[in-house]
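Student: Chains E and Y are the protein sequences, given in the same order.
Under my numbering, the first residue of the first sequence carries the number 117, and numbering increases by one thereafter.
Under my numbering, the first residue of the second sequence carries the number 375, and numbering increases by one thereafter.
Using N, Cα and C, we set each Cβ at its ideal position, and we do this for glycine too.
Quick caveat: nothing in here was measured; it's all calculated off a predicted structure.
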Amino acid sequence: MDRSPVSSARPVVLASQTAVELGGPKAPSAAIALCTKDRALVTDRNLTVIGSDIQALPRNANAYARLMVACLPDLTPDTMYERCREVELARYDTAISGCMVRTEPATMRERVRFSQEALNGGLTFASYAAAFMSAVAAHSAVEAVEMIIATDVMAVRRLVLVAKRVRKALGAMNKMVTEMRFDCSTCDYAEVCSTIEELGRLREMRQAGMAM
Amino acid sequence: MGTAACQRTVAVCGKGGVGKTSLSALIVHELLAKGQKVLAIDADPALGLTTAFGFKADRTLNDIRCDLIEASRDGLRDTPASVARMVDYKVFEALEERDTLAFLAIGRPESEGCYCAVNDLLKRVIAALADNFPFVVIDGEAGIEQVNRRVMERVSDLILVSDLSVKGLRVIGDIAAVAKNAIDYHQCGVVVNRVQPDDKPVDILPQGLTLWCTIPEDEVVRRQDIDGASFIGIPRCPAREAVSLLVETRLSRRGERVVRQGARRCR
């Protein structure tokens with residue numbers, strides 16, 4: 117049995133009720149949302165699971181990574197932030213019975229607890245992911261959405277490295293927006309600066325603004 | 375998961391220093407001893423309930439509020455609407471837990487001034503999380519502000535705590551008057567705390583209020599407070615016995631039937 121898990125309330129699953137926890141404090145974890153204009157890159161409503169499904173996992177210390185890939189045909193430099201943010205925020209619109217999700221946007225980690233009740237009800241990654249993808253697909257700008265969930269520790273570790281690189285790039289862009297200093301010799305983000313197109317664009321905008 | 379049909383949200387209010395936090399802690403302790411899943415909320419910026427359970431409150435609701443403000447300030451701007459969508463999830467970051475007890479602390483704004491924003495957040499949190507717990511126990515801040523601002527509007531059981539002082543009794547009278555319009559509670563009653571053996575019987579309650587119980591001055595509770603010891607596992611003592619009876623008669627489902635069979639409601 118794999119019934120619809122969507123809940124109207126925001127579920128709280130305490131440790132004492134938890135049957136399986138993913139991405140706990142001692143396990144690697146990553147949550148990444150990717151957006152593209154290229155429809156060929158996204159197989160709509162497809163889920164790929166790398167590793168064991170929920171029912172086959174031990175209770176604790178499970179590595180976990182969740183990638184959401186969305187196709188948004190009208191991505192432009194002007195709409196990019198808003199559109200991608202909508203995809204990212206969709207996870208906050210998702211409430212699944214017997215499942216508590218704790219997000220850590222600053223570290224791009226995600227920690228998920230499933231209750232015994234949810235597992236007894238037949239919850240799998242298929243139904244879990246379907247709820248997430250429905251929330252993303254509800255946005256009018258989204259043409260297709262695909263999800264990848266990894267519980268295999270080696271796969272998760274590789275994705276955690278990707279998340280770290282993304283975080284560093286975001287940190288660099290935030291710094292460009294909030295600071296006016298352009299001294300590359302003292303900048304923590306100099307190593308990623310030249311590889312990030314958006315960073316370069318922001319820098320040019322800043323410098324143009326300064327010149328005016 | 376949902377338990378909305380029999381969900382009880384209990385708020386403990388009164389003047390500062392009358393023992394709200396000790397009473398809240400003892401109520402939570404009794405509910406946990408009965409195997410209930412409880413959400414305890416330290417809504418007092420002084421964080422007394424946090425200490426009473428040995429939690430650290432490394433992350434409070436106010437911290438979350440500050441983070442959201444900060445996020446909306448930076449270059450990658452979040453709209454108020456998107457911030458509102460995140461709040462219910464972000465609050466999990468501040469949730470501490472031990473067995474069947476979940477705990478949230480409101481914290482205090484670093485700067486001087488208005489508590490409205492953090493109180494609004496607390497109100498939202500109560501609405502978002504309460505249905506997950508058969509019991510929510512809120513240790514309110516001193517005075518009437520949180521009641522007045524409808525932070526407690528979802529409260530089902532309002533406990534007004536006082537000692538025998540005129541000031542304490544006057545404050546619970548004020549809270550009750552404000553609560554009549556601000557809270558759609560199911561029942562409301564007075565607990566008189568720290569009663570000495572030679573004190574006169576309590577017969578001077580503000581008009582319309584019902585005495586639920588008295589709690590004796592108790593050396594065990596006093597020592598817990600002085601030592602900052604956790605109320606989890608507090609030994610049997612007269613105050614604990616009195617609160618156990620209060621929970622049984624007023625806050626359990628059996629107690630609810632007793633109330634419905636004819637006991638007065640205070641409004």
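Is the segment 496 to 508 of chain Y in contact with the segment 250 to 267 of chain E, if contact means three or more CB pairs nearer than 8 Å?
Tutor: No, because fewer than three Cβ pairs between the segment 496 to 508 of chain Y and the segment 250 to 267 of chain E fall closer than 8 Å, the two stretches do not touch.
Student: Anything in chain Y within Cβ reach of Tyr305 of chain E, meaning under 8 Å, just list it in chain order.
Tutor: Here the premise fails: no neighbours, minimum Cβ distance about 14 Å.
Student: Run through the DSSP bridge pairs and tell me what Gly563 of chain Y is partnered with.
Tutor: Paired residue(s): Y:Ile533.
Student: Going by beta-carbon coordinates alone, are Thr474 of chain Y and Ser213 of chain E separated by less than 7 Å?
Tutor: No. Outside cutoff.
Student: Compile a chain-ordered list of the residues in the segment 411 to 425 of chain Y whose CB is closer than 8 Å to at least one CB of chain E.
Tutor: Cβ contacts with chain E come from Lys411, Leu413.
Student: So Arg218 of chain E is in the beta strand (DSSP E); what residue range does that whole segment cover?
Tutor: Arg218 of chain E -> beta strand (DSSP E) spans 215 to 220.
Student: Buried or exposed: which applies to Val621 of chain Y, given that a residue is buried once 16 or more other Cβ atoms fall within 10 Å of its Cβ?
Tutor: It counts as buried.
Student: Find the nearest neighbour of Lys574 of chain Y within the set Y:Ser618, Y:Ser539, Y:Asp601, judged by alpha-carbon distance.
Tutor: Selected option, being the one with the closest Cα: Y:Ser539.
Student: Between which two residues does the alpha helix (DSSP H) harbouring Ser618 of chain Y extend?
Tutor: First-last of the alpha helix (DSSP H) with Ser618 of chain Y: 612 to 620.
Student: Checking 7 Å against the spacing of the C-beta atoms, do Val566 of chain Y and Ser536 of chain Y come in under that value?
Tutor: The answer is yes: Cβ separation under 7 Å.
Student: Can you tell which of Y:Asp437, Y:Asp441, Y:Phe507 has the C-alpha that lies nearest to the C-alpha of Ile480 of chain Y?
Tutor: Closest by alpha carbon: Y:Asp437.
Student: In the structure shown, what three-state DSSP assignment does Met196 of chain E receive?
Tutor: Note: Met196 of chain E maps to helix in three-state DSSP.
Student: Just tell me which of E:Lys291, E:Val158, E:Glu233 has its CA closest to the CA of Met216 of chain E.
Tutor: Of the candidates E:Lys291, E:Val158, E:Glu233, the one whose C-alpha sits nearest the C-alpha of Met216 of chain E is E:Glu233.
Student: Can you tell me the Cα-Cα spacing of Thr434 of chain Y and Ala245 of chain E, whole angstroms?
Tutor: Taking the straight line from one Cα to the other gives about 31 Å.
Student: Among the candidates E:Thr240, E:Ser145, E:Asp268, E:Asp169, whose CA atom is the shortest distance from the CA of Pro221 of chain E?
Tutor: That would be E:Ser145, whose Cα lies nearest to the Cα of Pro221 of chain E.
Student: Beta carbons nearer than 8 Å to chain E: which residues of the segment 497 to 511 of chain Y have them?
Tutor: Listed by position, the residues of the segment 497 to 511 of chain Y near chain E (Cβ gap below 8 Å) are Ala502, Leu503, Asp505, Asn506, Phe507.
Student: Tell me which residues of the segment 132 to 162 of chain E have at least one Cβ-Cβ distance to chain Y shorter than 9 Å, keeping chain order.
Tutor: Against chain Y - using a Cβ distance shorter than 9 Å - the residues of the segment 132 to 162 of chain E are Ser132, Gln133.
Student: According to DSSP, which residues form a beta bridge with Asn436 of chain Y?
Tutor: Asn436 of chain Y pairs with nothing; no bridge assigned.
Student: Answer yes if the segment 612 to 619 of chain Y comes into contact with the segment 399 to 411 of chain Y, meaning at least three C-beta pairs across the two stretches below 8 Å, and no otherwise.
Tutor: Touching, yes, given that three or more Cβ pairs across the two stretches are closer than 8 Å.
Student: With distances taken Cα to Cα, identify the nearest neighbour of Thr311 of chain E among E:Val282, E:Val269, E:Ala177, E:Ile148.
Tutor: Nearest of E:Val282, E:Val269, E:Ala177, E:Ile148 to Thr311 of chain E, Cα basis: E:Val282.
Student: With a threshold of 7 Å between beta carbons, is Met460 of chain Y in contact with chain E?
Tutor: Interface residue, yes.
Student: Do the segment 551 to 562 of chain Y and the segment 415 to 434 of chain Y touch if we need at least three Cβ pairs shorter than 8 Å?
Tutor: Short answer: they don't touch.
Student: Would you call the segment 571 to 585 of chain Y in contact with the segment 600 to 607 of chain Y, where contact means no fewer than 3 C-beta pairs closer than 8 Å?
Tutor: Verdict: no, contact absent.
Student: Buried or exposed: Ala242 of chain E, going by 16 or more other Cβ atoms within 10 Å of its Cβ?
Tutor: Exposed: under 16 other Cβ atoms inside 10 Å.
Student: Mind checking which residues open and close the beta strand (DSSP E) that includes Ser396 of chain E?
Tutor: What the structure shows of chain E is the stretch from 117 to 328, and residue 396 of chain E is not part of that stretch, so it cannot be assessed.
Student: Out of curiosity, what's the CA-to-CA distance linking Glu486 of chain Y and Arg439 of chain Y?
Tutor: For Glu486 of chain Y, the predicted structure reports a pLDDT of 48, less than 50, and the residue's modelled location is therefore unreliable. A value from the coordinates is still provided. Cα to Cα, the separation comes out at about 15 Å.
Student: Bridge partners for Phe409 of chain E per DSSP, in chain order?
Tutor: Shown here, chain E extends from 117 to 328; a query on residue 409 of chain E therefore has no answer.
Student: If you draw a straight line from the alpha carbon of Gly390 of chain Y to that of Lys430 of chain Y, how long is it in whole angstroms?
Tutor: Their backbone Cα atoms lie some 22 Å apart in a straight line.
Student: Report yes if the CB atom of Ala266 of chain E is closer than 7 Å to the CB atom of Ala177 of chain E, and no otherwise.
Tutor: Not closer than 7 Å, so no.
Student: Between which two residues does the alpha helix (DSSP H) containing Met249 of chain E stretch?
Tutor: From DSSP, the alpha helix (DSSP H) with Met249 of chain E extends over 241 to 253.
Student: Return the first residue and the last residue of the beta strand (DSSP E) that Thr383 of chain Y is part of.
Tutor: Where Thr383 of chain Y is concerned, the enclosing beta strand (DSSP E) stretches over 382 to 388.
Student: Give a yes or no on whether the minimum CB-CB distance between Tyr208 of chain E and chain A is below 7 Å.
Tutor: The structure shown contains no chain A; its protein chains are E and Y.
Student: Here's the rule I'm using: 16 or more other beta-carbon atoms within 10 Å means buried, otherwise exposed. How should Gln171 of chain E be labelled?
Tutor: Classification for Gln171 of chain E: exposed.
Student: Which residues mark the beginning and the end of the alpha helix (DSSP H) in which Arg150 of chain E is found?
Tutor: Correcting the residue type first, residue 150 of chain E is Leu in the shown sequence and not Arg. Leu150 of chain E -> not in any alpha helix (DSSP H); beta strand (DSSP E) instead, spanning 145 to 152.
Student: Rounding to the nearest angstrom, what Cα-Cα distance links Gly393 of chain Y and Arg568 of chain Y in this structure?
Tutor: Straight-line Cα distance between these residues: approximately 8 Å.
Student: When you compare each of Y:Ser618, Y:Thr424, Y:Gln520, Y:Val595 to Phe477 of chain Y by their alpha carbons, which one comes out closest?
Tutor: Ranking the options by Cα distance to Phe477 of chain Y, first place goes to Y:Thr424.
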